[in-house]
């Protein structure tokens, strides 16, 4: 039975067919435009590379970083003087020159260079030394304060009826003053413990920054390794695709393949060219990050070791969590800061108790009149001659001084007994004693404010410690998960490489028999390059995950990295 269409339906079908033909024509024009642009770009690159083997014709070998020859020594360095003296090498620069001498810097050498050049790590080390000095200072306050005094004095006594012009006298004394804290309510001992906790905290902070620097260097190092392999795989892919593209161009001239298949292959070739350039740019960025992590200038060559070894580990989450809570530097920093803040609160509690010091002094004192005529040079004696002996006798004092805060005020009390040596006023010496009470109004307001600040600091330290513990547990779970994920990705990438290798062999055979489209073959080649890079990326990510896990545990070598 014949199918009859109305004139209106026939006209609609003709219009739809005409519209479809126009879309095909527009698509062909777009493909021609893409091909023209790609050809122009290729010609431009070939022109720039004239005189050297074309990248489209030579499989690129492994990139070896060229180490520049050392610059000639400045003749001024042979001369004497500060200007001509050569600048001594830093530790990081010396390590770099030794490591780069064989044109390959292994991971351990990169870590050593980065740590030597890391200013934050060096500053943390200096802070730890300063905290140790603070601890010594706090311990010193527990012991007596000793002071030595030597004094010579002189003057003129007031005139009297018998001696109208007054009499000249001379004197000297030397003594030792000492002060010993008796009772401070435990303030001095707590201050020592607080300083010790602060010192240990600064050491843990130094270790934390060191671990973070090691992790950053390892991450950047493996980033360069991945980028090197990716650039090499993309260059090899471009070489293979270019060879296939030249063959397709010849076949297109002979009308052996359809235009749509040729245009599709052209677009795939342009994609490979883009991926190659992107891989080169990624390599430059990765090298820049590695130089910065190692503390080197951006233009310094840093040839890495491309060998990747692999040793499977299976960490137990409970074991590494217990280890990390004990050894993680960040947890130790927060824990010790919490301990120091607790001592700070207890110190202000001790300040509210009475404070007593034991004070004393022992020495020799003496004064004597001098003959005025002899001192002025009259008579038979020369000027300045002593005409009387200066005999010194013992002088000492002993006392107790205390203070007691009363809210914002304070009361001070002192009791002292003093024995004086002979003077021109008291020729045979003297002695006295005293009791003294002093009331100070509103002199402890600052300590009340500081006590409230110490309590707030303690609560903040407690919150920081709890948060650090929670963050560490999450970080450990993520690190273990990333490690296991990398293992799965290694197996997956290995299977994909094996499968795609056989698939590409089949596709190549079918292409030779004209039974498959060229674009499908190129797509398989692109997929295989990506699979190979995925394998390298999975191994590198595995090493980075091990470094992250070691950093979270607090021991950079807890799980030994075979690299």
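In this note's numbering, the protein residues as written are 1 to 563.
C-beta: ideal position from N, C-alpha, C; glycine also.
No experiment lies behind these values; they were computed from the predicted model shown.
Residue 114 holds the alpha-carbon nearest to the alpha-carbon of residue 90 among 106, 114, 105, 101.
Taking C-beta atoms as the reference points, residue 531 and residue 493 count as a pair closer than 8 Å. Taking one beta carbon from each stretch, the region 273-284 and the region 501-520 have fewer than 3 pairs nearer than 8 Å; the two do not touch.
Taking C-beta atoms as the reference points, residue 293 and residue 347 fail to come closer than 8 Å.
In the three-state DSSP reduction, residue 156 falls in the strand class (E or B). Per the Cβ contact rule, the region 234-248 is not in contact with the region 537-556 (fewer than 3 Cβ pairs under 8 Å). Boundaries of the alpha helix (DSSP H) around residue 518: 518-553. Cβ atoms of residue 305 and residue 142 stay farther apart than 8 Å, at about 55 Å. Across the structure, residue 156 and residue 430 are spaced so that their CA atoms are roughly 21 Å apart.
In this structure, DSSP gives residue 101 a state outside helix and strand, which the three-state scheme calls coil. Only residues of its own chain outside the window of five on either side were considered, and among them 341, 344, 345, 347, 348 have a CB closer than 8 Å to the CB of residue 454, listed in chain order.
Residue 245 and residue 266 have their alpha carbons spaced roughly 8 Å apart. Taking C-beta atoms as the reference points, residue 500 and residue 524 count as a pair closer than 8 Å. Judged by DSSP in its simplified three-state form, residue 329 adopts helix.
Residue 170: member of the beta strand (DSSP E) spanning 168-183, first to last residue.
Just so you know, the alpha carbons of residue 231 and residue 467 end up roughly 42 Å apart. Annotation: residue 439 to residue 412 spans about 6 Å, alpha carbon to alpha carbon. Taking a C-beta distance under 8 Å as the contact criterion, residue 192 and residue 152 do not qualify as a contact pair.
In the structure shown, residue 90 adopts coil according to DSSP, grouped into three states. With contacts defined as CB atoms closer than 8 Å, residue 392 and residue 365 qualify as a contacting pair. When the five nearest sequence neighbours on each side are left out, the beta carbons in the same chain lying within less than 8 Å of the beta carbon of residue 100 are those of 67, 301, 302, 303, in order along the chain.
Judged by beta-carbon spacing, residue 197 lies within the 8 Å limit of residue 336, meaning their Cβ atoms are closer than that value. The DSSP-derived three-state label of residue 557 is coil. For residue 194, no beta strand (DSSP E) encloses it; the enclosing alpha helix (DSSP H) starts and ends at 187-253. If you check the CB distance, residue 360 and residue 394 do not come in under 8 Å. Residue pairing for residue 291: DSSP places it in no beta bridge. A distance of 8 Å or more separates the beta carbons of residue 288 and residue 96. In this chain, residue 470 is not harboured by any beta strand (DSSP E); it is covered by the alpha helix (DSSP H) spanning 445-512. The Cβ-Cβ distance between residue 225 and residue 308 falls below 8 Å.
If you draw a straight line from the Cα of residue 233 to the Cα of residue 513, it comes to about 28 Å. In the DSSP assignment, residue 133 falls within the unbroken alpha helix (DSSP H) covering 119-140. In this structure residue 355 touches residue 185 by the C-beta definition: roughly 7 Å separates them, less than 8 Å. With a cutoff of 8 Å on beta-carbon distance, residue 170 and residue 368 are scored as near each other.
Remark: C-beta atoms of residue 330 and residue 485 do not approach each other more closely than 8 Å. Straight through space, the alpha carbons of residue 450 and residue 407 are spaced by roughly 13 Å. A distance of 8 Å or more separates the beta carbons of residue 414 and residue 443.
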